[in-house]
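Chains as they are written, first to last, in the numbering used here: chain Z, -12 to 327; chain R, 42 to 634.
Don't be surprised by glycine CBs; every beta carbon is placed ideally from N, CA and C.
This one's a predicted model, so the numbers in the text were calculated from it and none came from an experiment.
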Amino acid sequence: MRRTLSRSIAAVSCLLVTVSLNGARRPRYGGTLRIDVSGAIQSLDAGDAPLDPLDAALKENIQREVGPFRVAAWEPKTVILEANELAPGGRPYLDRVEIHMGRTSRDQALDFELGKADVVELPLADLRRAQQQGARASASQPCLVIALAFAGLRADLDRMRQALTLAIDRPAIHNVLLQKQGEISGALLPQWLSGYAFLFPVARDLSKAKELAASSAPLSFAWDKQSPLLRPIAERIVVNAAEAGITLRLSTSPDADVRLVILRVASDDAAEALRLLGGAPGADPLKMFEAERELIGSRHLAPLFQLPLVNELAPGVNAWTMGPTGNWRLEDVWLESPKP
Amino acid sequence: MTFRTRLLAVSSLTVAGAVALVSGVVSVAARRAFDRIAEERRKAVVDQFQREVESGYRDVEQRVQRAASVESILQIAVEANRPQPDFSAFVDEARSQADAQALDFLDILQPDLTIISSASEPARYGYRSDWLIARGDAASSEPFLTIIPTDAASTVAFAAARTVSAGDKSVIVVGARKLDPAFLASLGTAPGVRPMLWLASGGVIGTSGPVASSPELNLLVEALRRTRREASATVRWSSDDPASAESVVALPLVHRDSLLGALLVGTSLREQVLLERNIVWTGIGVAGGGILLGVLMGYWTTLRVTRPVARLVSGVQSVAGGDWSARVDVQSRDEIGKLASAFNKMTEQLIEQRDRAIQAERVAAWRELARRLAHELKNPLFPLQITIENLQRAREQHPDEFDEVFRESTGTLLAELQNLKTIVGQFSDFAKMPQPEFQTVNASALVREVLKLFEAQFQAQSGADARPRIEPVLDLAESGVEISADPLQLSRALRNLVLNAMDAMPEGGTLRLRTESADGMVRIQVGDSGQGLSEEECARLFTPYYTTKRHGTGLGLAIVQSVVSDHHGRISVSGEPGRGATFTMELPARRDA
């Protein structure tokens, strides 16, 4: 009952953000939708393994023979989808979808400004500014988990994990760097999906953090340097940690003591999402809570924030919708004909 | 040392000293000129860099002023006046303004110095800014120096602050440009001038990055720390390369009594060092050439000056060697020429005087010979005359006693005639002294042979009818007494000396004969223990015809002296009245002996 309720809420809320200036116009067929993404599509057939966010976003659109699109070309930098004329639900409006991969935030902004891209990823820090400027944006439910992942080699790992978690000023990061997008969370599964995320503590306790971190050795700290989202958060964490007496030394090693990572909630079903994250879901919320806590402890994780996926849309893109976990629904998207 | 060598040495030393003095004066003058130029250049550079620093202050002040004047900063100030200000929308504003104004650092602060937005450390929003040295800096309208901590190291920066008010509350915009290699490179520098920056937090940077330190630089920094005033030093960056030296002037960067660092202006001394080195080597070359030329000129001059002197010396030596006909050929009319003329005139006069002296000496000698002959012959002639007169008187007055008188008188006549014959023989011997025929002679052996001639007399002296005894004592060297001599003449001279010694001891005594070698001479001594000689007698003893004996002719020792002189030796006598006399012959020893 609870699961059904939460999925209904998600289905409704995922449609709220899309802003349409002229929704009364009739859809048209044809056209090529150009999408810029920073990541790369790896595989659309991952089985039970958790999919990359981009893979998951596309998976439903190109199911073999029954999806609205089929893969026409798969090149290192570009994936081209063509409309599946024989799709069971009917041919999609778009003729083609070009997905340009590996585009940096600056590239995407330039492509969008120059009309070379119809859909781009919008950094959360820019969302409020974009909205103030009247831009069209579409956001998913919080489905990205920003978390610290500790390497399980140090003897004082749990103590340092606790100290660092207590040292981080999450509200300041949420308000300033994340521009109040998403939510502060100590859980892996977002509140909209599990309903118990608020039970995981998120309060800052600097004095206790100092006490726990007293005379501790420096920790090596790494994150994906290519991610414009992670860099400011990581820098702020370094500052907060220094205030608590914890020295974080920047590292590029994958074996760093602490890594700032993004985890994807790949399903709008809590149990499935937890399973895809590596947990062993329980039958009821209490067991789910225990399973998630067990998963966090066993993988030495410290979730910090739950963030949505946000896309900025060109004025001619219509009926763009994202699922609660950020997956695209391209079969209903149509493009206005270019003005003469 | 010869006069020529001495003159050459004096002239060379004079030239060398003069050249060294000139070189030293030139070197000192050049160094002073270089120092003066370096000082003027240093002042110019210092003035330029002080203007550059002042320009840096003003530049930052203007940039911060422009950053604080933009609309977005005013919006932040407006937000600060709200009951619950939310600065989250402005977190990137500092970076935007820093980029726009080309500032390395720009912070937007609340009045309590809490960071609203930071260009250099965007993650530090909400924390207090830590690169304002004093709270007063934020309110100051004047630009100031500050230290900004960075991830790598602290850096010194020009900074300025502006307060933007919009209501009761305000925000502070603080911007800075760090003094880094880029800043140093932006300074307009003349060729050979190198700006550097010393940071009190440690390290020296140049336009290309960190600069290796040096002991001189450390001393300069220490002086700077003590005085906090402009200081300068010569810094040699490489101990192996003197041309790496720089004249470094340190301009302290002080803010609120804190020494934050110093702008180091290094002026390369490479050109000066190389120029000084060239001057030194040129000086050495010129001095060496000058000295060499001076020595050659001195040698030539010395030759010119000393050649007449050498001729004079040669002439004098010839005259001293007996060649009175020597002449000095000097054409000059200077003092040397006059001296040579005087010398030639003097030798001519000497020859004239010598000829006159010889003539006079010959006359005197003939007179003396006549006198001696008259004297020596008169003594035997008088007894002859008396004896003959006695014979005549006995024949006339006492015929019966004539036979006895005749017998006695003829004995007397024969004795006196023998005496006359002896006298004539001695004169004949003195006149017939031949040239010696030299051969190697052992002086000790010769003494022994001479002594053998007198052994009979020594032994007769020890018999029953003995006369007073004379005891010969020999002290003869066994080696090193070989001489080049005529053995017959030298034997004769020795016999005369032995006879003289025996005559000097009528009461008997000791005859000492001694030979020895010393200083390239062989010494033969004949001594007696007789009545001795006075000082006057010693001085006149070798004068011909001078004798101390009652019946001597005075030619014995003259003959001895003549023999010794012909052997290139000399003879002397020593003695005191009552203590005997000793004759010493000194003859040149054979060099191969």
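1) Are PRO190 of chain R and ASP209 of chain R closer than 8 Å when you measure CB to CB?
2) Can you give the Cα-Cα distance for ALA329 of chain Z and GLU259 of chain Z, rounded to whole angstroms?
3) What residue does the beta strand (DSSP E) around GLY265 of chain Z start on, and which one ends it?
4) Assuming ARG90 of chain Z and THR19 of chain Z make a contact with CB atoms under 8 Å, what is their CB distance in whole Å?
5) Hey, which unbroken runs of the alpha helix (DSSP H) at 4 residues or more fall wholly within the segment 254 to 319 of chain R?
6) List, in order along the chain, the chain R residues whose C-beta lies closer than 9 Å to that of GLU222 of chain Z?
7) Output, in sequence order along the chain, the residues in the segment 145 to 163 of chain Z whose CB is closer than 7 Å to any CB in chain R.
8) What residue range does the alpha helix (DSSP H) around ASP76 of chain R cover?
9) In chain R, what lies closer than 8 Å to VAL226 of chain Z by C-beta?
10) At the level of alpha carbons, what is the spacing between ALA50 of chain R and PHE384 of chain R?
11) Measuring alpha carbon to alpha carbon, tell me which of R:SER366, R:GLY378, R:ILE565 and R:VAL111 ends up nearest LEU391 of chain R.
12) Does the beta-carbon distance from PHE215 of chain Z to PRO302 of chain Z come in below 8 Å?
13) Using the C-alpha atoms, what's the distance from ASN541 of chain R back to GLY619 of chain R?
14) For chain R, find out if any of its Cβ atoms is closer than 8 Å to the Cβ of MET309 of chain Z; answer yes or no.
15) Which word fits PRO241 of chain Z, buried or exposed, when buried means at least 16 other C-beta atoms lie within 10 angstroms of its C-beta?
16) Can you tell me the Cβ-Cβ gap for ILE332 of chain R and ALA57 of chain R, rounded? I've got them flagged as a contact below 8 Å.
17) Give me the Cα-Cα distance between GLY324 of chain R and SER249 of chain R, rounded to the nearest whole angstrom.
18) Report the three-state DSSP secondary structure of MET88 of chain Z (helix, strand or coil).
19) Could you check how far apart the C-beta atoms of ALA160 of chain R and ALA135 of chain R are, in whole angstroms? I think they sit under 8 Å.
20) Between ALA194 of chain R and chain Z, is there a C-beta pair that is closer than 8 Å?
21) Looking at chain R, which residues of the segment 109 to 121 of chain Z have a Cβ within less than 8 Å of any of its Cβ atoms?
22) Counting pairs of beta carbons, one from the segment 130 to 140 of chain Z and one from the segment 111 to 122 of chain Z, are three or more of them closer than 8 Å?
23) Quick one: using the 10 Å Cβ neighbour count with 16 as the cut-off for buried, is ARG148 of chain Z buried or exposed?
24) Out of R:SER182, R:PHE131, R:ALA139 and R:VAL321, which has the shortest C-alpha to C-alpha gap to ALA112 of chain Z?
25) Give the DSSP bridge partners of LEU540 of chain R, in chain order.
26) How should MET387 of chain R be labelled, buried or exposed, when 16 other C-beta atoms within 10 angstroms of its C-beta is the threshold for buried?
27) Straight-line CA distance for LEU3 of chain Z to ARG21 of chain Z?
28) Suppose only complete runs of 4+ residues qualify. What are the alpha helix (DSSP H) ranges in the segment 59 to 135 of chain Z, listed by chain order?
29) State the start and end residues of the unbroken alpha helix (DSSP H) segment that holds ASP145 of chain Z.
30) With a cut-off of 8 Å, does the C-beta of PRO205 of chain Z fall near any C-beta of chain R?
31) Let me know the secondary structure DSSP gives LYS212 of chain Z once reduced to three states.
32) Exposed or buried, what is ASP145 of chain R when buried is set at 16 or more other beta-carbons lying within 10 Å of its beta-carbon?
33) Return the CA-CA distance between LYS197 of chain Z and ALA194 of chain R, expressed in angstroms with no decimal places.
34) At the level of alpha carbons, what is the spacing between GLU174 of chain Z and ARG267 of chain R?
35) Rounded to whole angstroms, what is the Cα-Cα separation between ASP153 of chain R and ALA179 of chain R?
36) If you reduce the DSSP assignment to three classes, tell me which class MET309 of chain Z lands in.
Based on what the coordinates show:
1) No, the pair does not count as a contact, with Cβ atoms beyond the cut-off.
2) Any property of residue 329 of chain Z remains undetermined from this structure, which presents chain Z solely from -12 to 327.
3) Judged by DSSP secondary structure, GLY265 of chain Z falls outside any beta strand (DSSP E); it is assigned neither H nor E.
4) Their Cβ separation, rounded to whole angstroms, is 17 Å, which puts ARG90 of chain Z and THR19 of chain Z out of contact at 8 Å.
5) Those alpha helix (DSSP H) runs which fall completely within the segment 254 to 319 of chain R and span 4+ residues are 256 to 268.
6) GLU162, PRO163, ALA164 and ARG165
7) ALA159, ASN162 and VAL163
8) 44 to 109
9) Those are GLU162, ALA164, ARG165 and TYR168, listed as they occur along chain R.
10) 28 Å
11) R:SER366
12) Going by the sequence as given, residue 215 of chain Z is Pro instead of Phe. Contact flag unset, no.
13) 16 Å
14) no
15) Exposed.
16) 5 Å
17) A direct Cα-to-Cα measurement between GLY324 of chain R and SER249 of chain R gives close to 39 Å.
18) coil
19) Under the criterion of beta carbons closer than 8 Å, ALA160 of chain R and ALA135 of chain R qualify as touching, at roughly 4 Å.
20) no
21) ALA112, ARG115 and ARG116
22) no
23) So ARG148 of chain Z counts as buried.
24) R:PHE131
25) Paired residue(s): none; LEU540 of chain R is not in a bridge.
26) Here MET387 of chain R is exposed. Its C-beta has fewer than 16 other C-beta atoms within 10 Å.
27) With a pLDDT of 39 at LEU3 of chain Z, under the threshold of 50, the modelled position of that residue is not reliable, and the figure given next carries that caveat. Those two C-alpha atoms are separated by around 23 Å.
28) 92 to 100 and 111 to 119
29) 144 to 154
30) no
31) coil
32) buried
33) LYS197 of chain Z and ALA194 of chain R: Cα-Cα distance of roughly 25 Å.
34) According to the sequence displayed, residue 174 of chain Z carries Ala and not Glu. In a straight line, the C-alpha of ALA174 of chain Z is about 59 Å away from that of ARG267 of chain R.
35) 10 Å
36) DSSP places MET309 of chain Z in strand when its eight states are reduced to three.
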